[in-house]
Amino acid sequence: MKIWGSRPLLWGLVALATVWMLVIVPLSATAAPYAGYVIDGRNGKVLYSENANTRLHPASLTKMMTLYIVFEAVENGEIGLDDLVTISRHAASEPPSKLGLRPGQRIKLRYLIRAAAVRSANDAATALAEAIEGSEARFARRMNRTAKAMGMTRTTFKNAHGLTESGHLSTARDMTILGRHVLYDYPDYYNLFSRITADAGVKRVSHTNRRMLRSYHGADGIKTGYTRAAGFNLVASAERGGERIIATVFGGKSTASRNAQVAKLLDLGFRKAAHRVALAPPGRPPYLGKLDHAPVTIAAGAARPAYAGRTVRLATAAAVR
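Per the numbering used here, numbering through the sequence shown is continuous, rising by one, with the last residue being 325.
Listed below in structure tokens is the structure:
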């Protein structure tokens, strides 16, 4: 005797199996690959490496380079922290994570910096790029020139925010190099990356890496990244007793598992790093920005590249608050 009432259950099981085969299995099979890299931040010595030269999607780790160039532009007088940036339609249309900026809105550069560094806001990152170079495409070319000068040999940037785009790729090694440059080349800005919250002008924003910053002793940065193609990425840095470790993970399966893996790598770094080593910061790459302005000598006898009609402010921690 046929039990007709069992048919809905049967069809439900068939549908579930179909979804599993067509969706769940392919997603698992194409999960973002893992890569990891750990260095002694003081001298750059490699302490751990796995798939570190494999070109992968960096996601919002990209924003480290965006911010690096903004810091450089401020220092060299291209733009000021209090300059008002007009938001374009292109910047306002970027998908989340975002600050919620509107086309035509005007906002101080310092707030865009905070939003990109702390909230990882895509609209803020694009607005910064357009403010510095006039277009995101020109800014990406500058990103690539700077990356090459830093020795990031397997990185190509196509945008300022890190959303998935064909050819926009980097490696765990290259992103670690970049994180080290952010730390040592612009130390007065580095406090941005350890702020749990920040005033971004239109709202107060929370740090995307606040869990790691709160839970790992000595953690003080640097940048998270996530897209479906990339997985959960993180370049983290921690300091304990004068020792500085920088660890990078690509392809984490979740925020929690990524943070746990990064914590393990930081622990490994502190175990393997020499207690005392000579500090050997990376050499700052040459200035590759707008060189078509007449240099001006500013106060205190310090000859720094400045430009007529612009106010040059030294980028101190207080200046970004």
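Ideal Cβ placement from N, Cα and C applies to all residues, glycine included. Quantities reported herein were computed from a predicted structural model and do not represent experimental measurements.
Residue span of the beta strand (DSSP E) that contains residue i, given as start and end
| i | result |
| --- | --- |
| L88 | 88–90 |
| V50 | 50–54 |
| Y38 | Taken as a continuous stretch (DSSP letters only), Y38 belongs to no beta strand (DSSP E), as it is neither H nor E. |
| V78 | It is not in any beta strand (DSSP E) - V78 instead sits in the alpha helix (DSSP H) that spans 67–79. |
| S210 | 208–210 |
Beta-carbon proximity of residue i to residue j, cut-off 8 Å
| i | j | result |
| --- | --- | --- |
| K67 | H165 | yes |
| I73 | T180 | no |
| V266 | A282 | no |
| D224 | A242 | yes |
| I136 | Q109 | no |
| A36 | A234 | yes |
| D127 | E98 | yes |
| H221 | R244 | yes |
| F71 | A121 | Position check: residue 71 holds Leu in this sequence, whereas Phe was assumed. Against a cut-off of 8 Å, the Cβ pair of A121 and L71 comes out as a contact. |
| F190 | F274 | Sequence check: residue 190 is Tyr here, not Phe. No. |
| R158 | R59 | yes |
| L292 | T150 | yes |
| L269 | V253 | yes |
| Y41 | G255 | no |
| R329 | N263 | Any property of residue 329 remains undetermined from this structure, which presents the chain solely from 5 to 325. |
| L113 | L85 | yes |
| I83 | V206 | no |
The alpha helix (DSSP H) enclosing residue i, as first and last residue numbers
| i | result |
| --- | --- |
| T183 | According to the sequence displayed, residue 183 carries Gly and not Thr. G183 -> alpha helix (DSSP H) spans 176–189. |
| T259 | 259–276 |
| I200 | First-last for I200: undefined, no H or E at that position. |
Spatial neighbours of residue i in its chain, beta-carbon cut-off 6 Å, leaving aside the 5 residues before and after
| i | result |
| --- | --- |
| T201 | R208, S210 |
| A260 | none |
| R118 | A202, A204 |
| L131 | A small correction: the amino acid at residue 131 is Ala; Leu does not occupy that position in the sequence shown. Around A131: V89, I91, A95, L116. |
| N47 | V281, A284 |
| M156 | D178, I181 |
| Y230 | A63, F236 |
Contact set for residue i: own chain, Cβ-Cβ below 7 Å, skip 5 residues either direction
| i | result |
| --- | --- |
| S124 | S64, K67, S101, T212, T228 |
| L217 | S198, I200, H211, A223 |
Check: residue i C-beta below 7 Å from any heavy atom of the ligand SAM
| i | result |
| --- | --- |
| A141 | Questions concerning the ligand SAM fall outside what the structure shown contains, since it holds no ligand whatsoever. |
Neighbourhood of residue i by C-beta distance below 8 Å, restricted to the same chain and skipping five residues each side
| i | result |
| --- | --- |
| H185 | Y72, M154, P286, R288, P289 |
Exercise. Along the chain, which unbroken stretches of the beta strand (DSSP E) at least 3 residues long are found entirely within the region 91–163?
Worked result: 110–112
Exercise. Are the region 143–152 and the region 97–111 touching by the rule of at least three beta carbon pairs closer than 8 Å?
Worked result: no
Problem set entry | In chain order, each beta strand (DSSP E) run of at least 3 residues that lies wholly inside the region 217–256 | 223–231, 235–244, 247–256
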